[in-house]
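This is how it looks when you write it as structure tokens:
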């Protein structure tokens, strides 16, 4: 009954050992997966960070150029400001001249012609003065357009930078989460392996006890067998001695009984 209980205990412990080994193997596999995933997230984060650095450098160049052109624009605009206040724009002067000429045609009179001609002459002189400023005005318009384009480019680049930075942060958080989960598993593994070692030790002890019991049984069996063999040899020797006595009696012509005849047969002696 004790051997049967011991065998049941051994099977139970062996099942527990196998279950623990399976769980530990799963934990180690999950740990490897977490480290692989963390490395993948790190690489993805580094790619996004590289994009952020590239865009940041491009933004630095764009902003520097924009600031330089804004200064140039401000300087030209300041230089042209007095002329603008005095004469207005070329378009305004041309429109005023056309309006005066049209009104003269519609309401002509010699006195009006003299007044309108004088005004048109004045406006034409102002227009001519503004014409000398045309290159600067053109440069101002060009700078204004370029600054507007650069501001749009800067705004677009800032959006891209923020998008890459956000993705980088996502990958970084995912990487940290992998490391956090991995740390939790690593904290549990020593205890799990310690429990496994204890179960293995108990299983080894049960195997040793079982082997010791078997050896003890085998030794006991050998002892009994040797004793039985010795007893059998001793009995056989006694039978042989008795058989010799009976055979001697038979040779002398004395009658032998049926029991004595059986002794001779047991000793292997034929009459």
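Residue numbers (the numbering used here): 31 to 301.
Even for Gly, the Cβ is constructed at its ideal location relative to N, Cα and C.
| query | Can you list, in chain order, the stretches of the beta strand (DSSP E) that have 3 or more residues and sit fully within the segment 154-207? | reply | none
| task | Reducing DSSP to helix, strand and coil, say where residue 115 ends up. | result | Since pLDDT at residue 115 reaches only 49, below the 50 mark, its modelled position is unreliable, and no value is offered.
| query | Pick from 287, 213, 76, 176: whose alpha carbon is nearest that of residue 97? | reply | 176
| CB contact flag (residue 72, residue 180, <7 Å) | no
| query | If you run the structure through DSSP and keep just helix, strand and coil, what is residue 52? | reply | helix
| said: Can you tell me whether residue 285 is helix, strand or coil according to DSSP? | reply: coil
| query | Between the Cα of residue 267 and the Cα atoms of 296, 253, 42, 184, which residue gives the shortest distance? | reply | 296
| query | Do residue 67 and residue 184 have their CB atoms nearer than 7 Å? | reply | no
| said: Classify residue 273: buried if its beta carbon has 16 or more other beta carbons within 10 angstroms, exposed otherwise. | reply: buried
| query | Considering only residues of the same chain and omitting the five flanking positions on each side of residue 314, which have a CB-CB separation below 8 Å? | reply | No answer is possible for residue 314: it lies beyond the span of the chain, which begins at 31 and ends at 301.
| said: So, at 6 Å on beta carbons, what are the nonlocal neighbours of residue 290 in its own chain, with the 5 sequence-adjacent residues on each side left out? | reply: 276
| task | State the Cα-Cα distance for the pair residue 89 and residue 146, rounded to the nearest angstrom. | result | 56 Å
| What whole-angstrom Cβ distance do residue 85 and residue 198 have, given they're in contact under 8 Å? | With a Cβ gap of about 12 Å, residue 85 and residue 198 do not count as contacting.
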